[in-house]
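Number of protein chains: 2
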Amino acid sequence: MNAQPLSAREVLKGMDLQADCPVRDVLDHVAAKWTTLILIALGEGPLRFGQLHRALPDISKRMLTQSLRDLERDGLLTRHVFPTKPPSVEYRLSPLGVSMLAPLGALVDWAARAHPAIQQARQAYDAAEAA
Amino acid sequence: MNAQPLSAREVLKGMDLQADCPVRDVLDHVAAKWTTLILIALGEGPLRFGQLHRALPDISKRMLTQSLRDLERDGLLTRHVFPTKPPSVEYRLSPLGVSMLAPLGALVDWAARAHPAIQQARQAYDAAEAA
DNA sequence: CGGGATCCTGCAAGATACTG
DNA sequence: CAGTATCTTGCAGGATCCCG
Numbered sequence: 004m005n006a007q008p009l010s011a012r013e014v015l016k017g018m019d020l021q022a023d024c025p026v027r028d029v030l031d032h033v034a035a036k037w038t039t040l041i042l043i044a045l046g047e048g049p050l051r052f053g054q055l056h057r058a059l060p061d062i063s064k065r066m067l068t069q070s071l072r073d074l075e076r077d078g079l080l081t082r083h084v085f086p087t088k089p090p091s092v093e094y095r096l097s098p099l100g101v102s103m104l105a106p107l108g109a110l111v112d113w114a115a116r117a118h119p120a121i122q123q124a125r126q127a128y129d130a131a132e133a134a
Numbered sequence: 004m005n006a007q008p009l010s011a012r013e014v015l016k017g018m019d020l021q022a023d024c025p026v027r028d029v030l031d032h033v034a035a036k037w038t039t040l041i042l043i044a045l046g047e048g049p050l051r052f053g054q055l056h057r058a059l060p061d062i063s064k065r066m067l068t069q070s071l072r073d074l075e076r077d078g079l080l081t082r083h084v085f086p087t088k089p090p091s092v093e094y095r096l097s098p099l100g101v102s103m104l105a106p107l108g109a110l111v112d113w114a115a116r117a118h119p120a121i122q123q124a125r126q127a128y129d130a131a132e133a134a
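Given below as structure tokens:
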């Protein structure tokens, strides 16, 4: 055993996985397909609605709006309306939202590294399947 | 700026968020409601189907089976059948699956810490909403 | 431009019953 | 015990139109 401040894996020990556990309450939102992508996009700086929409090519306006509301409700980002003509609205990460970038980045990094192995595993599985 | 080996946030810079990017390909699975919970449960050691089902109280047999197949296909866990009577099947993390525990733990840790703030943000939002 | 309101559809996922 | 098969349904989410 080493002296790391807190092995991330230790956190998982004895984790209760009941439906009402706080972690699932938070993670269910995080996992929601679009929210992480929005947070990543905003990680580079505030963006307006249209810019965000262009950054996420395959999300509908409806889902983008809804996802932004969810994130705003959870306090991960803030919404600023500029009463210009036509109106413009800017979204930016809150400190809480910024605090999520590190762990999210770790996961994304893992995903990027693991991708080749996963691709290979899928092909092997599907090949065996077809037999 | 400090000397951290690689700021997890740096990974997110310039991330392409197109639908076909590798990260989304992987994360879409990871985010799938049950898969992370299964990985966490198996992080403490191999489990049999029934034990896993008992560890995740609110998943149906159908979804558990399906999620396990997905994870097996992605090479994150392995399935071992013991031809006992009655048959028993054991699931255990593969090295690749184990390698995910660290980043996943980081995210879970964040979720646990952020939970109070998020709860509070939701209440504030809903209160303002009701007005 | 940045949404809200409405309608409509597909598929994710529950319930139930059966099997090796 | 550890699944499969079938049926059924809710609701996530797309398409479309409208508004300030």
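Sequences listed follow chains E and L, in order.
For the first sequence, this note's numbering gives the first residue as 4, with consecutive numbering after it.
For the second sequence, this note's numbering gives the first residue as 4, with consecutive numbering after it.
Glycine is no exception: its CB is placed at the ideal position from the N, C-alpha and C atoms.
Here the structure is a predicted model, which is why all the values come from computation and not from measurement.
> With burial defined as no fewer than 16 other Cβ atoms inside 10 Å of the residue's Cβ, what is the status of V111 of chain E: buried or exposed?
Replying inline: buried
> Can you name the residues of chain E whose CB is closer than 7 Å to the CB of Q21 of chain L?
Replying inline: P60
> So which residues on chain L does R76 of chain E lean against when the C-beta distance must stay under 8 Å?
Replying inline: A124, R125, Y128, D129
> Does the distance from the C-beta atom of A124 of chain E to that of R76 of chain L stay below 9 Å?
Replying inline: yes
> Shortest alpha-carbon distance to A22 of chain E belongs to which of L:G108, L:L42, L:L59?
Replying inline: L:L59
> Under the rule that 16 or more other beta-carbon atoms within 10 Å means buried, what is S63 of chain L, buried or exposed?
Replying inline: exposed
> Tell me, which residues are paired with R95 of chain E by DSSP?
Replying inline: E:T81
> Which first and last residues belong to the alpha helix (DSSP H) in which D2 of chain E is found?
Replying inline: One cannot answer for residue 2 of chain E here, as it falls past the ends of chain E, which runs 4 to 134.
> In angstroms, rounded to a whole number, what distance separates the CA positions of D28 of chain E and K88 of chain E?
Replying inline: 39 Å
> Opposite L50 of chain L in the DSSP bridges: which residues?
Replying inline: L:Y94
>> Just verifying my parser: in three-state terms, what is the DSSP assignment at I62 of chain E?
In response: coil
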